[in-house]
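Written out below as structure tokens is the structure these notes cover.
In this note's numbering, the protein residues as written are 3 to 220.
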């Protein structure tokens, strides 16, 4: 499961973010102090850091400078709206910069974009006996080629990049079909049904009642 460290000294905001991440299927950890955050980042594995700028003891920019040698994506969260501050954060290597206050759905969307960008370098994915070559747009089950439509392929890749994470139909729609897609969530159901049939994933690609789907780790 994707691990996200929330570095935020406002307890209310930190808990709100943690609740949003839980809904998104992420595992979250909260830290309210800059020096402590560095210790955790250096000793624990994280996939993403949500980093407040104004922190006690050490600000977010300083933290960013100290962890630049680590392969961890960072999104700055701050009330500072000056363009110079945004530019500074991005030049330090942050993937994104979100100004408070923000909606939970916006945060999840930004996180999704950052994590997908991070995974773009991976051109091959594997799940059990299923192998996917993203560049060549090829899916094989064992030694057999599997013919998928473009959207079925994109949906499969998205599931493989989010194994063990509960994905809502709305999230799948926005990620695979785009935010401006005018269709219904039933579109997702139809494509999931096809993936299950073509790749024999009936037991692994499970339905979460009233929510969506999850591709379970084998």
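No residue lacks a Cβ here, since even glycine has one placed at the ideal position from N, Cα and C.
Residue i in three-state terms, based on DSSP
{"i": "residue 214", "result": "strand"}
{"i": "residue 147", "result": "strand"}
{"i": "residue 72", "result": "coil"}
{"i": "residue 205", "result": "coil"}
{"i": "residue 169", "result": "strand"}
{"i": "residue 104", "result": "coil"}
{"i": "residue 65", "result": "helix"}
Cβ pair residue i, residue j closer than 9 Å
{"i": "residue 169", "j": "residue 128", "result": "no"}
{"i": "residue 51", "j": "residue 75", "result": "yes"}
{"i": "residue 193", "j": "residue 27", "result": "no"}
{"i": "residue 39", "j": "residue 60", "result": "yes"}
{"i": "residue 173", "j": "residue 214", "result": "yes"}
{"i": "residue 43", "j": "residue 72", "result": "yes"}
{"i": "residue 48", "j": "residue 91", "result": "no"}
{"i": "residue 70", "j": "residue 36", "result": "no"}
Residue span of the beta strand (DSSP E) that contains residue i, given as start and end
{"i": "residue 54", "result": "50-54"}
{"i": "residue 45", "result": "From DSSP, residue 45 is part of no beta strand (DSSP E) but of the alpha helix (DSSP H) over 36-45."}
{"i": "residue 134", "result": "132-135"}
Buried or exposed by the 16-neighbour rule on C-beta atoms within 10 Å, applied to residue i
{"i": "residue 67", "result": "exposed"}
{"i": "residue 210", "result": "exposed"}
The alpha helix (DSSP H) enclosing residue i, as first and last residue numbers
{"i": "residue 57", "result": "Counting along the chain, residue 57 falls outside any alpha helix (DSSP H), and DSSP gives it neither H nor E."}
Practice item. State whether the segment 44-63 contacts the segment 188-205, with contact taken as three or more CB pairs (one from each stretch) at a distance under 8 Å. Key: no
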